[in-house]
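J.: Sharing a structure below in structure tokens format, with a few things to ask.
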Amino acid sequence: MEETEAKQRLHLVMGGRVKDPRSLEFQDPESIHVVGVFSDYEDAVEAWRSNAQRTVDDAEMKYVVVHLHRLLTPEV
């Protein structure tokens, strides 16, 4: 029987102040808060939710989950 190993799918959670709450253009890219890199989507969403809820009253603060695995291996 063959063992199947799940492929690693890295996700980056980051956030910062945006120029317009309807966009993802950051005011100061050098000051982006990098929450961390996570090996599964569920942990990344948990970290994103925690940080997004902490700044919910500030419309110019935005946190996102970046699917690094799609950038590293776009053919998958």
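Quick note: the sequence shown uses our numbering, first residue 407, plus one each step.
The beta carbon of each residue, even a glycine, is placed where N, CA and C say it ideally should be.
#1: List, from N- to C-terminal side, the alpha helix (DSSP H) runs of 4 residues or more that fit wholly inside the segment 457-482.
#2: Taking the straight line between their C-alpha atoms, what separation do you get for R476 and A458?
#3: Would you identify the three-state DSSP class for R428, choosing helix, strand or coil?
#4: Exposed or buried, which one is K413 when buried takes at least 16 other CB atoms within 10 Å?
#5: According to DSSP, is R423 helix, strand or coil?
#6: Have a look at V462, V472 and L474 and flag the residue whose alpha-carbon is nearest the alpha-carbon of P427.
T.: From the atom records:
#1: 474-478
#2: 23 Å
#3: coil
#4: exposed
#5: strand
#6: V462
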